[in-house]
Each structure stands twice: as structure tokens, then as C-alpha cells.
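Take my numbering: the last position of the sequence shown gets the number 326, and nothing is skipped along the way. Ideal Cβ positions, reconstructed from N, Cα and C, are used throughout, including at glycine. The structure presented is a predicted model; accordingly, all values stated were derived computationally and were not measured. Some notes on the structure that comes next.
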Amino acid sequence: MLVNTIVTENVDDAVEYLRAGRLVAFPTETVYGLGADAMNESAVRGVFLVKGRPPSHPLIVHIGDTKYLEVFAKNITNSARILAEKFWPGPLTLVLDKTDQVPEVVTGGQSSVALRFPSHPIARDLLSKFGGGVVGPSANKFGRLSPTQPNDVLSDLGGDIDLVLDGGACTVGIESTIVGFDGNTPLLLRPGMITTEEISSVLSVSVEPAGERAPRVSGSLPSHYAPNTPLILVKPNVLKSEIERRLSKNDRIAVLAFSDLSSFADHLYYVEVSSDAKVYARTLYHELRELDQKKCDAILVEEVPTTNPWSGIRDRLLRAAYR
Ligand code: AMP
Ligand code: MG
């Protein structure tokens, strides 16, 4: 059923819609979320339906105050409390044992719940006025690029959801770092812009790769976060020769690169990206969306460094490139 999607800056309207069990896209510092009242099972089912997301893929519950930790989670370890204290509000999600109150539809039937207290001022206003938990997977169709601006939400979900709360462009730009625990040992479930180095230094223990100990984590499928155009990662030292090879067979190509490609300007679409990981992450998804619209044969993306600040970005690019 097609609905008339309202775009507004009015937080009170968004709160009213959430209370009525309707779907509201809302800004966070990472990406736009598709919000529904976490305690309203039929609203939460609507989120899965609109996204086309398999029900086994659990949703993050967004809260507007650390005090809600106890409402949604139990057996909270010291390590979890320290991370919440240090990184909330912010782009860190903690996976903890769920309380009985959390509907199973939210957690995909798992006994754990993922919680995040976002820092975006409008998200904070929305969540504190709403006063509970709001599920918020990215406001896009399952497996595609996350939206980082209201127009990105509309192009994916316009007509499917009731309201988009306009909070401008997201400042972090890729999804949160997700951490689970094995006792007090932190496990990395999804890399993001808060790095394992930062987490390890706060806890004085190393964050371990989750490996076999990982619960099912959506966004951990090999292919995810993908544009429609095939995305191909290219090593910096062969970028120019790869461009020349493709142009010589008349491929239409778009390129996202650190290098100056102005010598090719008449023959391809290109975006010169920042060598600062924070700036790169902020604009990545929107730039990929724009390049996707050029309907080229391929989007070539110059590989990013292997150093820690880039690990979340590398992860998303590898999944976007997976075929
Ligand atoms: P997103 O799809 O970006 O909203 O990411 C939400 C992520 O939180 C999911 O991808 C899951 O990886 C993770 N998550 C949510 N709920 C749980 C849970 N109950 N147990 C483990 N991971 C979870
Ligand atoms: Mg997503």
C-alpha cells in the first residue's frame, strides 16, 4: 500500500507517529534509521516488511539515555558499562543478554539484544521525548547502500513509510561499531568508526575477533551495502592501467579514488576522495549512490589503507564489492 511520505523537521510529529505504531525514518550520526516502537510487535514487523529484511536478522534498539540499558538488557558486564559510559552517546552498539520485555521479533528469536544510544541531536531529542526504545535498521531496502540524507531515504522508501524526520546529512556516514562479550572479553561483531584500538585502550584488554562466538549479525553477510552497479576494488598501483584497459574496450566507468584523475575527466565519472578516514566515511555512501545513477558498467574504487581508522570502511567496501 502506497502512503504519502511526509518529510519534516518536527520532532513532536515523529514522536506521535512512533507512538501510533507507524514507521518513521530518523537521522542518526551514522546513517538514517527506519524507526518503530521496539515494544510494538506489529510496528516492528512492518520494518522487516518494508525493508524486505529476513526476520532472522535482528534489529538494534536505539535509546535516548543510558538508564534504559537496564530496561532492555540484563547480566550487564563491567566492560559493557565502561564502554557505554565512555562511548555513549555515539556510534557504538553493544550486544547484551535481553530482558523478557524485549519482543523476540526485535532480536530474531535470539536471547541477546543490540543497544545503541546515538549522539545525533535530533535522534536524542526524538528518543528522549519518545521515552522508550526505537528499532532502527538503516532506512533502505535490505542489502543496499544505507541512506545518509533524507533524499536517499525517499529514493528507497518513499511511499512505503509514513514520515522522514529531516536532520540533514549524517556526520559519521557508516554504520556503528558492534561489540559483543564473552564474559568480560569484548568481541568485535562489526567494525565501524570507533576502532578496536580505542575500545581496547579504554578496557585495557584486547578486542577479539568474534569468529565462532558471533551471534547472527545482520550486515555481516558477505554481500551487503551494495550499489546496483558492480563495484570493483582496485589496488592503487594498477588503478590507472585498469582504467585505460576498460576505456580501451569502451566500458563506461565511474571511479572513486584518492588519485587525481583529471587527465581522464572527459572519459569517465570520478570522485576524488579524502585521505582522512572520517571525511571519507561521511560521504562514501552518498557518492556511491550518485555514481550508481550514472548507470555505468562498473564503479572502480581505489583500495583504502589497511590501518585501523579504515577498518570499518574496508569492511563495507569488501561487502559492497562481493559478487
Ligand atoms: P543495521 O542492520 O545496520 O541496523 O545493524 C544492526 C545490527 O545489530 C545487526 O546488523 C546485527 O548485527 C546487530 N544485532 C542486532 N541485534 C542483535 C542481537 N540480538 N544479537 C546480535 N547482534 C545483533
Ligand atoms: Mg543496513
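Starting from residue 14, trace the alpha helix (DSSP H) in both directions and tell me its first and last residue. 14-22
Cα-Cα, which of 52, 56, 22, 29 is closest to residue 40? 22
Could you tell me which uninterrupted alpha helix (DSSP H) segments, each at least 4 residues in length, are contained entirely in the segment 212-284, listed from first to last along the chain? 242-251
Is any heavy atom of the ligand MG found at a distance shorter than 7 Å from the C-beta of residue 179? no
Beta-carbon proximity check, residue 315 vs residue 194, cutoff 8 Å: yes
Candidates 217, 298, 169, 198, of which the one nearest residue 192 by Cα: 217
Endpoints, alpha helix (DSSP H) assigned at residue 317: 314-324
By how many angstroms is the C-alpha of residue 80 removed from the C-alpha of residue 257? 47 Å
Just to confirm my understanding: we take residue 319, look at its own chain, exclude 5 residues before and 5 after, and list those with CB closer than 6 Å. What are they? 177, 228
Relative to the C-alpha of residue 111, which residue among 136, 51, 166 is closest? 51
Could you name each continuous alpha helix (DSSP H) segment of 4 residues or more that falls completely within the segment 43-115, going from the start of the chain to the end? 44-54, 72-75, 81-90, 107-110
Where residue 298 and residue 9 are concerned, what is the direct C-alpha to C-alpha distance, given to the nearest angstrom? 29 Å
In this structure, does DSSP put residue 136 in helix, strand or coil? coil
Give the secondary structure of residue 293 by DSSP, where H, G and I count as helix, E and B as strand, and everything else as coil. helix
Burial state of residue 104 (16 or more Cβ within 10 Å): exposed
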